[in-house]
Amino acid sequence: MRILLGLLIFCLNTSAYAQSWKEIKSDHFLLYFIPSSVILNSSDSSSTVEAEDFSKEVLRKAEVYYERIAEDLGYQRASEFWTWDKRVKIYLYVDHDSFIKASNHPAWAGGMADYDTKTIRSYFGSREFTDTILPHEIAHLIFRDFVGFKGAVPLWLDEGVAQWTEEKKREEVKKAVKEMLKRDGLLTMDDMMKLPIDSIKNAENVYIRPTRTRKGEKGVLFLTGNNLITTYYVQSVSLVGFLIEKFGKNDFTGFCRALRDGKNLEEALTTVYGTHIRNLNDFDDQWKDYIENYT
Ligand SMILES: [Zn+2]
18 MRILLGLLIF CLNTSAYAQS WKEIKSDHFL LYFIPSSVIL NSSDSSSTVE
68 AEDFSKEVLR KAEVYYERIA EDLGYQRASE FWTWDKRVKI YLYVDHDSFI
118 KASNHPAWAG GMADYDTKTI RSYFGSREFT DTILPHEIAH LIFRDFVGFK
168 GAVPLWLDEG VAQWTEEKKR EEVKKAVKEM LKRDGLLTMD DMMKLPIDSI
218 KNAENVYIRP TRTRKGEKGV LFLTGNNLIT TYYVQSVSLV GFLIEKFGKN
268 DFTGFCRALR DGKNLEEALT TVYGTHIRNL NDFDDQWKDY IENYT
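Each residue of the sequence shown is one higher than the one before, starting from 18 at the first, in our numbering.
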């Protein structure tokens, strides 16, 4: 679920639907849905539920994630961000088609977070929504609220933090990234920092990227657009997981704070993890050690 910044079309389309949206509120969120029966799919079945019932469950879970994610990132709870008129808006469209149509988003999208309007948009469709898209999009907004826009935050960190909140995905990612390392299939740190992954439009095209083998030698990867995007996203969350699991939550908060204060990624890393990580190459090496030592 990549991020789109301030697209006007979202706002225009919203007003067109405004009359039929019903609003429900919690301390930090306003949730909008169109009262109707909606179909929810899970891995083995699908069922019909009332949009209102599921929306209430979404709102309840959103508050749980708000607390948890803010605490994980070291956000002061006392600051009471996102209350009253600063509440985050969640729009749930009746189905995937309506969401894509209204948001003008590419067909693969499952949700989006808009920083400018503090709005999350997604759709009724999956029972797993409350475990996946919901925490992911909330994390995007909290993370950006925390680090601001002053520092140069690479996309992998944004997406890594958001994916880390999808707790059920963590084990799967660990397996996948370990496998990629084994066959020397990981992107370079340079690509992670600079590759304009959002511009990869063609899933079938083959992209040729450099790699650094486990022995430190130069190599070449041939990846389809799809594989390139998957590799990038898996690496993103794995890098974040490495920092949090290896060095703890407090250091990660310090790292985010350094970014908020305007440091670039390498400076923020060395400020906080300087005794272990002196540059991006060290970061890459130690991350790979950590992957290899997964049990
Ligand atoms: Zn995302």
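By construction, the Cβ of each residue, glycine as well, lies at the ideal position given by its N, Cα and C atoms. For clarity, every value in this text was computed on a predicted model and none was experimentally measured.
Closest Cα partner of residue i within the set the options
i	options	result
K73	Q303, T147 and S59	T147
I51	E67, S43 and H45	E67
N219	P213, D201, G279 and G242	G242
K78	R144, Y132 and I214	R144
F141	V75, G271, L286 and I217	V75
G233	Y92, D301, A87 and D89	D301
T247	I214, F160 and E262	I214
L174	Q303, M210 and D268	M210
K280	R187, V170, E189 and V194	V170
L90	K186, Y290 and F269	F269
I308	I217, L240 and E196	E196
R85	F71, A126, T182 and F46	T182
A126	S115, F98 and R231	S115
E189	Y311, R138 and E154	Y311
V105	D208, S43 and T205	S43
E221	L245, L203 and K199	L245
Reduced DSSP secondary structure (H/G/I, E/B, other) of residue i
i	result
K218	coil
V111	coil
I20	Low local confidence applies: a pLDDT of 44 at I20 is under 50, so the model's placement there is unreliable, with the coordinate-based value given in what follows. I20: coil per DSSP, three-state reduction.
G12	Outside the displayed span of the chain (18 to 312) sits residue 12, for which this structure offers no information.
I261	helix
E67	strand
S54	strand
V105	strand
N30	Because the pLDDT of N30 is 38, which lies under 50, any placement of that residue in the model is unreliable, and the number read from its coordinates should be weighed accordingly. Helix, per DSSP.
A79	helix
S120	helix
A126	coil
D301	helix
S60	coil
T147	helix
T247	helix
D131	strand
N310	coil
Host beta strand (DSSP E) of residue i (start-end)
i	result
T136	T136 to Y140
P152	Segment I150 to V164 is the alpha helix (DSSP H) holding P152; no beta strand (DSSP E) there.
F46	F46 to F50
F272	Looking at the DSSP string, F272 is not in any beta strand (DSSP E); the run it does join, the alpha helix (DSSP H), is K266 to R277.
R226	V223 to R229
K42	K39 to K42
Extent of the continuous alpha helix (DSSP H) to which residue i belongs
i	result
Y290	L282 to Y290
V178	L172 to W181
K167	First-last for K167: undefined, no H or E at that position.
D208	M206 to K211
E188	R187 to K199
Do the segment 172-186 and the segment 239-256 meet, that is, are 3 or more Cβ pairs less than 8 Å apart?
The segment 172-186 vs the segment 239-256: in contact.
Decide yes or no for the touch test of the segment 265-281 against the segment 218-237: beta carbon pairs closer than 8 Å, at least 3 of them.
With a cut-off of 8 Å on Cβ pairs, the segment 265-281 is not in contact with the segment 218-237, counting fewer than three such pairs.
Is the segment 110-128 close to the segment 38-58, with three or more CB pairs under 8 Å?
Because the criterion of three Cβ pairs below 8 Å is met, the segment 110-128 and the segment 38-58 touch.
Cβ contact (3+ pairs, closer than 8 Å) linking the segment 293-309 and the segment 257-265:
Yes, since at least three Cβ pairs between the segment 293-309 and the segment 257-265 fall closer than 8 Å, the two stretches touch.
Could you say if the segment 279-293 and the segment 156-169 meet the contact criterion of at least three C-beta pairs nearer than 8 Å?
Short answer: they touch.
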